[in-house]
């Protein structure tokens, strides 16, 4: 028997190989798509189930200033500074160090914005006025290396039940003592 052996042209081999790859790709996509659909319907069914409550010992509650209270404190600090003709920026941060309110007084320097936020963050982080914390640097100088902090007078913590709930930072006056005096005026406004 004579067998006839045919050789395909290069073009025919490329076309055949391309067709085979296309079939494999479509089949693979269909399998992945079907699998994703099955997972989606399973997760939809699972998410419809009632959530399991977390045990009481696994959760915590924290207290935060309202936006209105933060704005009141910031305005009181700014007003105290303006009464003494000081051009400052006031920042109020929440317990987590996130800025809630920032008021930049007329004529306050550009550096005062970030400084006020960092003083507020430092005060709430350590639940102490930043003037006291600046004194601690003598015993522990590497405290100043903690990101986001500024160990200069001008920050005051706001507490509720002895726990820090916010920090008020003031920057821009010619001395940290004045900045801190104005920050404390913001804290005091919350007691009224």
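Numbering (mature numbering (1 follows the signal peptide of the UniProt record, and there is no 0)), first residue to last: -36 to -1, 1 to 156.
Cβ coordinates follow ideal geometry from the N, Cα and C atoms, glycine included.
Just so you know, these numbers come straight off a predicted model, no measurement behind them.
- DSSP, reduced to helix, strand and coil, places residue 94 within a helical segment of the structure shown.
- Among the bridge pairs identified by DSSP, residue 121 is matched with 131.
- With a threshold of 16 other beta carbon atoms within 10 Å, residue 70 falls short and is exposed.
- With a contact defined as Cβ atoms closer than 8 Å, residue 58 and residue 135 miss out at about 19 Å.
- Cα atoms of residue 26 and residue 101: separation of roughly 29 Å, rounded to the nearest angstrom.
- Rounded to whole angstroms, the gap between the alpha carbons of residue 81 and residue 68 is 11 Å.
- Taken in chain order, the whole beta strand (DSSP E) runs of length 3 or more contained in the region 53 to 104 are 53 to 58 and 63 to 68.
- Cβ-Cβ distances below 6 Å link residue 146 to 41, 44, 45 and 134 in the same chain, with the five nearest sequence neighbours on each side left out; the list follows chain order.
- Around residue 118, the same chain offers 83, 94, 133, 134, 135, 140, 143, 144 and 147 as residues with beta carbons nearer than 7 Å, after the five sequence neighbours per side are excluded.
- Here residue 121 is buried: its Cβ has 16 or more other Cβ atoms, across all protein chains shown, within 10 Å.
- In the three-state reduction of the DSSP assignment, residue 150 falls in the helix class.
- Taking each of 75, 72 and 88 in turn and checking the Cα distance to residue 63, the smallest one comes out for 88.
- In this structure, residue 85 sits near residue 112, with a CB-CB distance shorter than 9 Å.
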